[in-house]
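The structure under discussion appears below in the form of structure tokens.
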Amino acid sequence: VGLQPPTPDWGVMIQDGRQYFAQQPWALIGPAVMLFIASFSVARLGELLRDRWDTFSDDAMAVR
Numbered sequence: 114v115g116l117q118p119p120t121p122d123w124g125v126m127i128q129d130g131r132q133y134f135a136q137q138p139w140a141l142i143g144p145a146v147m148l149f150i151a152s153f154s155v156a157r158l159g160e161l162l163r164d165r166w167d168t169f170s171d172d173a174m175a176v177r
């Protein structure tokens, strides 16, 4: 399940970086930070779109 080994994947990069954390901490920190930023950005974008286009939520009704 998942991507095949030659294909880069943040999860695999984080897993591999754990082995070398003492010698090369950036091998773990870089992919972990990028995964966090990507996840946070998609969640924030979803919230912004919901706030903009959801006219039936309780917050939208209170403004009217």
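Residue numbers (the working numbering): 114 to 177. Just so it is clear, CB atoms sit at the ideal spot from N, CA and C, and this is done for glycine as well. Computed from a predicted model, the values in this text were never measured in an experiment.
- For F149, the uninterrupted alpha helix (DSSP H) run begins and ends at W139 to W166, by DSSP.
- Between the C-alpha atoms of P138 and I127 there is a straight-line separation of about 11 Å.
- Across the structure, L162 and Q136 are spaced so that their CA atoms are roughly 42 Å apart.
- For Q132, the secondary structure class from DSSP, reduced to helix, strand or coil, is helix.
- Within the model, the alpha-carbon separation for G130 versus G124 is close to 10 Å.
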